[in-house]
Amino acid sequence: MKKVLLIDDEVSFAELVRLSLEDAGGYIVKTEYRGEHGLDAIRNFNPDIIVLDMMMPEMNGLEVLQMLKTNDKTKDIPVIILSAVKSNLVKRQTAGNYNETYLEKPITVENLKRVIEEILVGK
Amino acid sequence: MGIKLKAIIFCCFILLILVFSFIYNVNCLKRIIDGGKVLVITNQMLGDILQARRYEKNFILRGSMEWAEITKGYMRKLTTELEGYKKNSPAKENREDINLLLRQRDLYLDEFDKYVEQYKNSTLRPESNILIDTGREMERICAKMGDKAQLFVEHSTLNIGRSQIIVLIISFLLGLTAFFVIMRTIIKPINGLQKICNDITKNGIFNSENMAITEKQLNVFHAKGEISKLMQAYFEMLLKYNAQLKTVNAEIQESYAIQVVLDKLLSLSLEDISLEEMLEKTLDIIIGVPWLSLEFKGGIFLADNEKRALVLKASKNFAAPLLVNCANVPFGKCLCGIAAQTGEIVFRNKIDADHVIGFENMPEHGHYCVPIKVSDGRVIGVLNLYIAHNHRFGEKENDFLLAVSHLLVGVIQRKKAETELAQAYKQLKQTQAILIQAEKLNVVGTLSSGVAHEVKNPLAIILVGLEYLIKRFGKQEKNVDFVLTEMSVALERADGIIKGLLDFSRVSELNIRDNDFNAMLEDSLKLVKYEMQKKKISFVKDIQQNILCVKFDKAKMEQVLINLFLNAVREMEEGGIITVKAYIKTLKLGAPGVGRRSVDLFKAGEDAFICEVKDTGPGIPDDVIDKVFDLFFTLNREKGGTGLGLSIVQNIINLHKGKIWIANNEPGPGACITFMLKTEQIKEGLR
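These protein sequences, in sequence, are chains A and B.
For the first sequence, the residue numbers in the numbering used here are 1 to 123.
For the second sequence, the residue numbers in the numbering used here are 124 to 810.
In structure tokens form, the structure reads like this:
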């Protein structure tokens with residue numbers, strides 16, 4: 001079972017994705033709706049992969065990503081960044097420092113699953 | 124003789140007649156009065172004589188001495204009266220009567236004394252016959268004197284009447300003479316004058332036949348009368364005035380003809396024609412003026428003051444070699460060049476040393492080269508006109524051509540200003556359209572960037588939800604699967620629009636770097652490969668070899684090509700062809716977006732990078748071809764067109780300071796979108 005941590009302020013979206021992934025089987029999904037909560041959850045949940053929304057109130061995706069990548073314990077966890085704006089723009093914002101995968105909303109769960117599989121297999 | 128003298132003489136004559144008549148009449152009246160007095164005296168004398176005789180008879184019959192004394196007393200009274208008669212009647216014929224009467228009185232007194240003596244001395248009555256006869260004779264003489272006096276009075280009275288009749292006749296004759304004189308010297312010339320004046324009033328001075336007749340008949344008026352002189356002076360004045368009027372009229376006609384030409388030239392400037400056409404027409408008008416001795420050929424040059432040369436803009440019947448040789452004439456060269464340099468009219472009536480531009484066997488001719496000079500002395504052109512060999516210089520021609528040149532200054536400058544104004548207006552309209560479009564796009568961009576993010580999240584939720592539902596229930600019920608799938612497709616379409624709007628809103632800044640155009644083209648092709656293969660569309664690439672590295676924003680230019688390819692794919696049926704042609708070209712005037720002014724993005728003569736994307740689709744209907752770049756304009760909404768693709772493309776090209784346009788292929792089918800970029804960006808990138 002692959003553990004996926006999904007951090008997105010859009011509760012409905014997060015819950016729907018969780019439902020879809022768990023329904024598909026092979027995934028344990030934990031959802032968090034705020035960046036700082038997400039960071040806290042990592043310690044207990046210990047996810048294989050993190051799906052992170054970019055645009056969130058207070059601590060945004062970019063800040064969460066920086067925290068993750070500057071912490072030795074979490075820096076190796078792969079992150080999929082979700083954004084409502086075009087992925088290459090987000091990539092430019094992060095200056096492509098972290099070699100993460102970028103997906104543009106709206107996404108299909110099929111596509112998300114494919115990307116997760118590719119990353120975890122590669123890892 | 125003057126009419127004044129005539130009138131004086133006439134008046135003197137009348138006065139003389141009246142004076143004579145007056146004196147004569149006074150004389151007659153005096154004689155009548157004298158005659159009357161004489162008649163009275165005569166009657167008294169006759170009375171005395173009769174009294175004397177009565178008493179004499181009584182004396183004779185009765186012999187009383189008293190009566191004799193009375194008789195004698197009457198005789199004495201007669202004597203006194205005779206003295207008075209003598210005084211009042213000095214006429215000679217009466218003197219004889221008086222003398223006769225005096226003798227008879229003396230005789231009577233003698234006889235009476237004798238008779239008295241005899242009577243005294245005798246008792247018998249003496250013989251008294253002699254006495255009686257003498258008395259009778261005295262009585263007869265006195266009666267005769269009375270008759271004479273009466274006759275004299277009658278005669279004098281008659282003379283007064285006669286003199287009045289004579290005066291009347293003379294006055295009548297004088298009046299008649301005056302009438303004829305007045306008729307001849309005043310009325311007749313005045314009537315003649317009146318007739319001529321009426322004729323002039325009716326027919327005008329030039330058509331008046333009387334003018335000629337009067338001239339012939341002026342001798343008739345050459346009489347010496349004042350009115351005749353007046354007439355003569357009047358007609359001489361009229362003839363002179365007529366001659367002057369004819370001269371003035373001729374001058375007016377000439378001025379009018381000039382005015383007509385100048386008017387025609389002025390009205391040309393109001394016509395909606397180009398400067399060149401206007402100059403051609405101007406030339407036609409000037410060389411067609413009938414009273415100007417010009418040959419039917421000539422030319423108009425405009426000055427290029429920077430190059431100090433004249434450029435032939437309009438010509439009429441120029442010999443073929445001259446069209447080439449005179450196309451550009453430097454200031455100072457040949458006659459036109461001299462006119463341009465000096466700013467003065469150049470007149471030559473033969474080919475001389477100054478006429479340096481020509482050709483073999485050039486026929487003899489002359490020229491007027493008239494500079495078209497503005498008020499600050501700058502020459503803006505030259506009017507070249509042909510005249511016959513040995514043509515004589517004409518002051519009027521010169522003046523006219525000068526006037527024409529002054530007029531042409533205004534006309535040419537106005538036309539130039541008009542053209543520039545029209546171009547500026549066109550440019551302004553274009554700029555305004557671009558600004559409006561930019562503003563529109565700006566609004567759309569601002570709105571979409573704000574809204575898109577908010578819309579995208581719900582879209583994402585619905586899409587994931589739909590996907591979940593299709594998986595869970597789609598397999599159970601066919602219709603549920605169909606409905607949910609359709610909803611997903613619609614959702615993706617909505618997402619496409621949002622994406623487009625976001626793309627659109629982001630087209631505001633460029634990240635220009637050296638890019639390999641060819642590689643970028645290949646990358647773009649990869650992204651549309653799937654769509655192209657699906658419709659079996661083939662691709663033809665024709666890239667000029669030296670275009671390898673070009674400066675542009677790669678991501679945005681990629682988007683341009685992808686949008687253009689996707690558009691083409693959507694438009695075409697299966698088996699279509701997309702052709703991309705890219706090259707560097709030296710621009711010519713008249714090409715889209717190419718001008719001469721500073722505001723024009725592309726200038727004639729400079730190099731530009733041009734890329735053509737051609738398809739074999741149905742092309743764009745002519746009535747909407749101008750709208751294809753408008754935001755949300757699409758011909759294929761049912762095929763998924765959002766009307767954003769070409770707007771984004773245009774925006775990106777505009778940001779690159781380029782130019783984009785669309786045209787249907789000739790021959791068809793299909794359309795071609797061409798975009799053009801500045802070469803500075805390209806040349807720097809050339810390897």
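Idealized CB from N, CA, C, for every residue including glycine.
Would you kindly work out how many angstroms separate the C-alpha atoms of residue i and residue j, rounded to a whole number?
| i | j | result |
| --- | --- | --- |
| Glu374/B | Phe523/B | 13 Å |
| Ile468/B | Cys492/B | 6 Å |
| Ile670/B | Tyr706/B | 7 Å |
| Gln355/B | Pro413/B | 41 Å |
| Gly718/B | Lys782/B | 13 Å |
| Gly298/B | Cys134/B | 11 Å |
| Lys311/B | Gln317/B | 10 Å |
| Leu531/B | Lys538/B | 10 Å |
| Leu417/B | Phe441/B | 14 Å |
| Val692/B | Leu406/B | 57 Å |
| Leu425/B | Val505/B | 6 Å |
| Ser378/B | Gly713/B | 45 Å |
| Pro78/A | Ile119/A | 8 Å |
| Val673/B | Leu767/B | 26 Å |
| Thr70/A | Lys737/B | 51 Å |
| Ile775/B | Lys456/B | 53 Å |
| Lys73/A | Ile42/A | 10 Å |
| Leu362/B | Asn314/B | 19 Å |
| Asn321/B | Ile305/B | 22 Å |
| Ser245/B | Tyr178/B | 20 Å |
Any Cβ of chain A within less than 8 Å of the Cβ of residue i?
| i | result |
| --- | --- |
| Ala642/B | no |
| Leu648/B | no |
| Val603/B | no |
| Asn777/B | no |
| Asp586/B | Reading the sequence as shown, one finds Leu at residue 586/B and not Asp. Cβ-Cβ to chain A under 8 Å: yes for Leu586/B. |
| Glu590/B | yes |
| Leu570/B | no |
| Ala613/B | no |
| Asn94/B | The structure shown does not extend to residue 94/B, since chain B is modelled only from 124 to 810, so the question has no answer here. |
| Leu689/B | no |
| Lys674/B | no |
| Leu712/B | no |
| Lys679/B | no |
| Ala583/B | yes |
| Lys598/B | no |
Ordered along the chain, which non-local residues of its own chain (more than five positions away) have a Cβ less than 7 Å from that of residue i?
| i | result |
| --- | --- |
| Gly158/B | Ala272, Phe275, Val276 and Ser279 |
| Gly105/B | Limits of chain B in this structure are 124 at one end and 810 at the other, which puts residue 105/B out of reach. |
| Ser438/B | Gly422 and Leu446 |
| Phe182/B | Trp190, Ala191 and Thr194 |
| Ala266/B | Leu169 |
Can you find a CB in chain B that lies within less than 8 Å of the CB of residue i?
| i | result |
| --- | --- |
| Asp48/A | no |
| Pro57/A | no |
| Lys105/A | yes |
| Val17/A | yes |
| Ile70/A | It should be pointed out that residue 70/A corresponds to Thr in this sequence rather than to Ile. Output row for Thr70/A: interface = no. |
| Glu10/A | yes |
| Glu63/A | no |
What does a CB cutoff of less than 8 Å around residue i pick up in its chain, not counting 5 residues either side in sequence?
| i | result |
| --- | --- |
| Glu729/B | Thr709, Leu710 and Thr802 |
| Gly742/B | Asn787, Asn788, Gly791, Pro792, Gly793 and Ala794 |
Grab me the residues of residue i's own chain with a C-beta within less than 6 Å of its C-beta, minus the 5 sequence neighbours each way, in chain order.
| i | result |
| --- | --- |
| Asp8/A | Ala14 and Asp53 |
| Glu36/A | Met59 |
| Lys200/B | Asp171 |
Just the chain E side, please: which residues come within less than 7 Å of residue i by C-beta, in chain order?
| i | result |
| --- | --- |
| Thr108/A | Here the protein chains are A and B, and chain E is not one of them. |
Between the segment 403 to 434 of chain B and chain A, which residues of the former have a C-beta closer than 8 Å to a C-beta of the latter?
The segment 403 to 434 of chain B vs chain A, Cβ under 8 Å: nothing.
Could you name the residues of the segment 615 to 626 of chain B whose beta carbon sits closer than 7 Å to any beta carbon of chain A, in the order they occur along the chain?
Asp618 and Leu625
For the segment 254 to 274 of chain B and the segment 139 to 147 of chain B, state whether three or more C-beta atom pairs, one from each stretch, are separated by less than 8 Å.
Taking 8 Å as the limit for Cβ pairs, the verdict is that the segment 139 to 147 of chain B does not touch the segment 254 to 274 of chain B.
The segment 9 to 21 of chain A / the segment 585 to 594 of chain B touching (three or more Cβ pairs under 8 Å)
Because the criterion of three Cβ pairs below 8 Å is met, the segment 9 to 21 of chain A and the segment 585 to 594 of chain B touch.
Closer than 8 Å is the cut-off here; do at least three beta carbon pairs connect the segment 279 to 297 of chain B with the segment 169 to 181 of chain B?
These segments do not touch.
Mind the definition here: the segment 541 to 561 of chain B touches the segment 603 to 619 of chain B only if three or more C-beta pairs lie below 8 Å; say whether that holds.
Too few Cβ pairs lie closer than 8 Å, so no.
Would the segment 384 to 404 of chain B and the segment 532 to 552 of chain B be scored as touching if the rule is three or more Cβ pairs under 8 Å?
In this structure the segment 384 to 404 of chain B lies against the segment 532 to 552 of chain B, because at least three pairs of beta carbons, one per stretch, are closer than 8 Å.
Quick test of the definition: if touching needs 3 or more C-beta pairs under 8 Å, does the segment 682 to 692 of chain B touch the segment 648 to 657 of chain B?
yes
With three or more C-beta pairs closer than 8 Å as the rule, is the segment 136 to 145 of chain B touching the segment 228 to 248 of chain B?
no
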